[in-house]
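Enquirer: In our numbering, the protein residues as written are 46 to 194. Just so it is clear, CB atoms sit at the ideal spot from N, CA and C, and this is done for glycine as well.
1) Taking residue 107 and residue 66 to be in contact with their CB atoms under 8 angstroms, please state how far apart those CB atoms are, rounded to whole angstroms.
2) Provide the residue span of the alpha helix (DSSP H) that contains residue 54, from first to last.
3) Since residue 49 and residue 133 are thought to touch, with beta carbons under 8 angstroms apart, how far apart are those beta carbons, to the nearest angstrom?
4) Spatial neighbours of residue 112 within its chain, please: CB distance less than 6 angstroms, with the 5 preceding and 5 following residues excluded, ordered by chain position.
5) Give me the DSSP bridge partner(s) of residue 68.
6) So, residue 138 versus residue 119, is the Cβ gap smaller than 7 angstroms?
7) Check whether the stretch 166 to 183 touches the stretch 81 to 89, counting contact only when three or more Cβ pairs, one atom from each stretch, lie closer than 8 angstroms.
8) So, residue 68 versus residue 164, is the Cβ gap smaller than 7 angstroms?
9) I'd like to know whether the C-beta atoms of residue 190 and residue 54 end up nearer to each other than 7 angstroms.
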């Protein structure tokens, strides 16, 4: 099996009422993930996170408080490429951001596009009982939203 390496941005988007936006996408099909995706050539990580969030959710995060989470994390998963149907191992480096929006979740319009599906807002209290991707768990532990294993 061929290995593909990808640099990925992830957006941990929190509403004013402390809910986190999650959906289904990418290589972690059986788990909830945050919006994000690959960094394009010549693009900074900050530019990539703004573009990916707009593409996947329709949300413009430029007026939110955007902070990069210290330290990149890695993950891997198998994926079938859309273009060719080839099964590959994807080794990823994640550059994550927290984004705090000024509106409560029920006032934020989400237009899911690209490959981010089933978007929903999850309260912080629900996170321990939510099946999350391994990189999302690591980041939420780092941020103090989940207990460390």
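Expert: This is what the structure gives:
1) In this structure, residue 107 and residue 66 do not form a Cβ contact; the two beta carbons are roughly 16 angstroms apart against a cut-off of 8 angstroms.
2) No alpha helix (DSSP H) contains residue 54, which is instead part of the beta strand (DSSP E) from 47 to 59.
3) That belief holds up - the Cβ atoms of residue 49 and residue 133 are roughly 5 angstroms apart, short of 8 angstroms.
4) Contacts found: 143.
5) Secondary-structure assignment with DSSP links residue 68 through a beta bridge to 78.
6) At a Cβ-Cβ threshold of 7 angstroms, residue 138 and residue 119 count as neighbours.
7) For the pair of segments examined, the stretch 166 to 183 was found not to touch the stretch 81 to 89: the number of CB pairs separated by less than 8 angstroms stays below three.
8) Closer than 7 angstroms, so yes.
9) No. Outside cutoff.
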